[in-house]
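Novice:
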């Protein structure tokens, strides 16, 4: 058995059935499902008991007397797991062919990869209107087997974690209550220990994004509280812009390294450029390609109109840097010269 798939469940019977059916159809790696039932209703309990009794898929059921929330349920599943990989999976997801084998393959491709997300509508890979999820996944994944893109943080809807990461940093921090920011916090802890979070490009999991904890009356209040906890612990993510108008290869290499380190720490980076050859790939690095003609004018317009203002802007100097300094009363960013 390569992987324990941990699924916290609180009612949502139709979603839970669809999720488990998709696992049974599309999973070719060795696996076991660990369902952590958060005091679901009788209908859901009955379905889970029948599923285990039928013996068609490897499944283990852990039950709570009350709804302890996503985080404690996931932690309970991780505590009973001994597999070399653990996959935390929401019950409102649909997995597609080869998803787990591909994620495990990407995780094993580099020692410093600790956490893996699949491609997903959650991460911007969305099927066209009316397009079946399986067909979209086959089309998306056909040419990118084994490829990955680094993430600023993994998202907990489908999160494959190496056993060595769990052994080193433990479980989700239960200070985050019923849920929100626990996955980002876990990612930051893993990165601090030298691991990377990546997206396996050729694995696809569709997320219906109808999380059961959103039904809780305290959701908005809990979200604000957890955001405050996270930012107190890790700081507010910064928004940084790089205006690339230099052809110095050594300089561009240095800037790429700096921007990746910033992105790896959870900050958001924008690149304004005319040539994309020096733009590093990372989920938190956003390319803004512009034509050479009126490059500075278009860059200034993008900077000034941005609703969420930049904290810092890096420019090569010269007249454009001086203009941005004079316009700082609008964009409010600190101007740095590289």
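Numbering (our numbering), first residue to last: 1261 to 1598.
Built from N, CA and C at the ideal position, the CB exists for glycine as well.
1. So that I know if they touch, is there some Cβ in chain C lying closer than 7 Å to that of residue 1424?
2. Just how far apart, CA to CA, sit residue 1488 and residue 1314?
3. Given residue 1338, which residues of its chain have a CB within under 7 Å of its CB, disregarding the five upstream and five downstream residues?
4. Taking residue 1455 as the reference, which of 1582, 1461, 1446 and 1462 has the closest Cα?
5. For a test of the three-state rule: what should DSSP assign to residue 1414, helix, strand or coil?
6. What is the DSSP secondary structure of residue 1546, reduced to helix, strand or coil?
7. Is the beta carbon of residue 1467 less than 7 Å from the beta carbon of residue 1380?
8. For the putative contact between residue 1573 and residue 1596, defined by C-beta atoms under 8 Å, what is the C-beta separation to the nearest angstrom?
9. Of all the alpha helix (DSSP H) runs that stay within the bounds of the region 1306 to 1381, which reach a length of 4 or more residues?
10. Have a look at 1416, 1532, 1320 and 1502 and flag the residue whose alpha-carbon is nearest the alpha-carbon of residue 1340.
11. Pull up the distance between the alpha-carbon of residue 1323 and that of residue 1299, whole angstroms please.
12. So within the region 1465 to 1538, which uninterrupted beta strand (DSSP E) runs reach at least 3 residues, ignoring any that extend past its ends?
13. Between residue 1400 and residue 1376, what straight-line distance do the alpha-carbon atoms span, to the nearest angstrom?
14. Can you check DSSP and say which residues form a bridge with residue 1296?
15. How would you call residue 1519, buried or exposed, if buried means at least 16 neighbouring beta carbons within 10 angstroms?
16. DSSP state of residue 1391, grouped into three classes?
17. Once DSSP output is grouped into helix, strand and coil, what is the label at residue 1398?
18. Leaving out the 5 sequence neighbours to the left and right, which residues in its chain are closer than 7 Å to residue 1461 when beta-carbon positions are compared?
19. Quick check on DSSP: helix, strand or coil for residue 1282?
20. Since residue 1465 and residue 1356 are thought to touch, with beta carbons under 8 Å apart, how far apart are those beta carbons, to the nearest angstrom?
21. Which residues in the same chain have their Cβ closer than 6 Å to the Cβ of residue 1366, if we skip the five residues on either side of it in sequence?
22. To the nearest angstrom, report how far apart residue 1279 and residue 1463 are at their CA atoms.
23. Nearest to residue 1568 by CA position, among 1269, 1334, 1309 and 1529, is which residue?
24. Please state the DSSP three-state secondary structure of residue 1460.
25. Roughly how many angstroms lie between the CA atoms of residue 1533 and residue 1504, to the nearest whole one?
26. Since residue 1561 contacts residue 1501 with CB under 8 Å, what's their CB separation in whole angstroms?
27. In the DSSP assignment, find the alpha helix (DSSP H) that holds residue 1452 and state where it starts and stops.
28. Which residue's Cα is closest to the Cα of residue 1483: 1587, 1437, 1305 and 1282?
29. For residue 1420, name the three-state secondary structure that DSSP assigns.
30. Tell me, which residues are paired with residue 1594 by DSSP?
31. For residue 1498, which residues in the same chain have their Cβ closer than 6 Å to its Cβ, ignoring the five residues on either side in sequence?
32. Consult DSSP for residue 1556 and reduce its assignment to one of helix, strand or coil.
33. Determine, using beta carbons only, whether residue 1429 and residue 1453 come nearer to each other than 7 Å.
34. Can you tell me whether DSSP reads residue 1436 as helix, strand or coil?
35. Quick check on the DSSP output: the alpha helix (DSSP H) that includes residue 1406 runs from which residue to which?
Specialist: Reading from the atomic positions:
1. Looking at the structure shown, chain C is missing, and only one protein chain is on hand.
2. 46 Å
3. 1266, 1346, 1426 and 1431
4. 1446
5. coil
6. strand
7. yes
8. 7 Å
9. 1330 to 1340 and 1359 to 1368
10. 1320
11. 7 Å
12. 1499 to 1503 and 1528 to 1533
13. 18 Å
14. 1268 and 1322
15. buried
16. coil
17. helix
18. 1379, 1404, 1407, 1408 and 1409
19. helix
20. 7 Å
21. 1376, 1408 and 1460
22. 16 Å
23. 1529
24. strand
25. 5 Å
26. No, residue 1561 and residue 1501 are not in contact; Cβ-Cβ is about 13 Å, not under 8 Å.
27. 1442 to 1452
28. 1437
29. strand
30. 1572
31. 1527 and 1571
32. helix
33. yes
34. helix
35. Counting along the chain, residue 1406 falls outside any alpha helix (DSSP H), and DSSP gives it neither H nor E.
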